[in-house]
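Reading the sequence shown from the start, the letters are residues 620 to 963 in our numbering. Quick notes on the structure that follows.
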Amino acid sequence: MIKTTPFHESLLDTHLVVDVRTPLEYEEDHLPGAINVPLLTNEERVEIGTIYKQTGPLEARRRGLHLTAHRFPAMVGEIARAAAGRPILVYCWRGGLRSKTVVSILDLAGFDAVQLQGGHKAFRHLVLSSFDPFTPPAPLVVLHGMTGVGKTTFLLQLARAGHAVVDLEGLARHRGSAFGELGLRQDISQKRFETLLWDAFRRLPAGCPILLEGESRRIGRLTLPGNLYDVMRGSVKLWCEASVATRVARLTEEYGRPEYRDGMAGALERIRKKLGGDNYEAIKGHLDRWEMEPFMEGLIRHYYDKLYYKTRDWVEDAVISLEDFSSGERELNTFLASRRQAAV
620 MIKTTPFHES LLDTHLVVDV RTPLEYEEDH LPGAINVPLL TNEERVEIGT
670 IYKQTGPLEA RRRGLHLTAH RFPAMVGEIA RAAAGRPILV YCWRGGLRSK
720 TVVSILDLAG FDAVQLQGGH KAFRHLVLSS FDPFTPPAPL VVLHGMTGVG
770 KTTFLLQLAR AGHAVVDLEG LARHRGSAFG ELGLRQDISQ KRFETLLWDA
820 FRRLPAGCPI LLEGESRRIG RLTLPGNLYD VMRGSVKLWC EASVATRVAR
870 LTEEYGRPEY RDGMAGALER IRKKLGGDNY EAIKGHLDRW EMEPFMEGLI
920 RHYYDKLYYK TRDWVEDAVI SLEDFSSGER ELNTFLASRR QAAV
C-alpha cells in the first residue's frame, strides 16, 4: 500500500509538491510551489477519457499504461533532482490513479513519496472554504484613495519595510480600473487567483495588521472570493490623498509609454459614453497628440473622481497624505501605533 495524507499547509514547506496532471490542468491552477511532471499529455488525457466512456475503465487503464510506461524513468529522474533529498507529495485531480501510479513508482525506486488524499479537488475545497466565511489572520487595514495617488506603489514600499501587505492588484494582474490592464496580461483563471490569494494570506507574519488596497468586488474579470469584499468593507479604512498635480505626474510615469498608446485608445473608447461627447473629444485629442499630462488630468477630473465619489458610501477612519511616500509611511506608523495603544 502506498502512503497517503490529507492536505495540510505545512506540507508546502516540508515537501516537494509534484502535480502529475496535464499541463492545461496545471496552468489553470495548482498547489503553491508545485512543479508539473505530467503523466499524460493534454491530448492523451482526452483520449483516455473517451476510451473510459466508450469501452470502460480496464481498457482505459491498459491504454494509459501503454502511453506512459516509457516515461517513468525520466519522470523519476526529474522529480528526484527537484526534490534534492526532500520528501515528495504527489497529487492529481482527485487522488486517483495518476498520482497513485507515480507514488508507487517513486516508492519502488526508494524515494519517500506520499499521495495527496482527494488531490487538487480537496485542496480547492479548502481554499474556497477559507474565504467563505473569511476570517483574516489579523485585522485588515484598507487603503482607499483616488486614482493616481500611488496606493499600489505605497503598499509595495510598506512591504519592503516589513509590513504585512497583500497586493490584490498584483495577484490579479490588473490595476482595477478602465485602463488597468495596460502593460499587464490578466491571463490567470479565477481558481489561480484564489489560490494565490490564499497563499498570500498564509505567508503573512503573525499578529501584524494586514494592509491592502480597497477594491470593488471585481478586479478586471476576476472576483474577490467568498465574503472577503464584505470583510474589507467592515475593516479599518484609511483615505490616501495627493494633489491633482502629483496624481497626474504619477499616472504619466506609469502609463505614458508609447507601447500603451493603442490600449489607451481602446480603453478610452469603452468609457466614451460616461465621459460625454465634448469631454471625450478633448481627452482623445490630447492622446492623439501624445499630450500625456493634460490627457491624465482630463481622465482624473471628468471620469475617475466623478466615478469614485458616486460609488463611495463610507467614512474613513483616518486620512494620510501620499504627497511624499516616506511621510505617508510615518503617518501610517503613527496611526497603527495609536490603534495598538488603544487596544491595550
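C-beta: ideal position from N, C-alpha, C; glycine also.
| Query | Result |
| --- | --- |
| Looking at C-alpha atoms only, which residue of Gly826, Cys859 and Leu787 is the closest neighbour of Ile838? | Leu787 |
| Classify Arg717 as buried or exposed, calling it buried when 16 or more other Cβ atoms lie within 10 Å of its own Cβ. | buried |
| Going by CA-CA distance only, name the one from Val656, Pro657, Leu658 and Arg682 that's closest to Ile667. | Arg682 |
| Mapping DSSP to helix, strand and coil, what is His782? | coil |
| Going by DSSP in three states, Phe954 sits in which element: helix, strand or coil? | helix |
| Between the stretch 936–943 and the stretch 895–903, do three or more beta carbon pairs fall short of 8 Å? | no |
| Determine the closest residue to Leu650 out of Arg700, Thr687, Gly737 and Phe753, with distance taken between C-alpha atoms. | Gly737 |
| Measure the alpha-carbon distance for Leu658 versus Ser748 and round it to whole angstroms. | 29 Å |
| What runs of the alpha helix (DSSP H), each 4 residues or longer, lie entirely inside the stretch 726–772? | 738–749 |
| Sort out for me which residues DSSP pairs Asn655 with in a bridge. | Asp638 |
| Determine, using beta carbons only, whether Asp726 comes closer than 8 Å to chain B. | Absent from the structure: chain B. Only one protein chain is present. |
| Nearest CA to the CA of Tyr899: which residue from Arg959, Gly917, Glu912 and Val722? | Gly917 |
| Does Leu857 come out as helix, strand or coil in the three-state DSSP assignment? | strand |
| As a quick exercise: from Asp932, Met883 and Ile724, pick the residue whose alpha carbon is nearest that of His965. | Examination of residue 965 is not possible in this model, given that the chain is present from 620 through 963 alone. |
| Three or more beta-carbon pairs under 8 Å between the stretch 887–896 and the stretch 722–741, yes or no? | no |
| Grab the span of the alpha helix (DSSP H) containing Tyr899 for me, first residue to last. | Gly896 to Asp907 |
| Taking Trp858 as the reference, give the member of Glu832, Trp817, Phe914 and Glu678 with the closest Cα. | Glu832 |
| Using only alpha-carbon positions, find the residue among Ser723, Asp632, Ala693 and Ile698 that is nearest to Thr623. | Ser723 |
| Given this structure, state the Cα-to-Cα distance separating Ala741 from Phe773, to the nearest angstrom. | 37 Å |
| For Tyr874, count neighbouring Cβ atoms within 10 angstroms of its own Cβ and tell me buried if that reaches 16, exposed if not. | buried |
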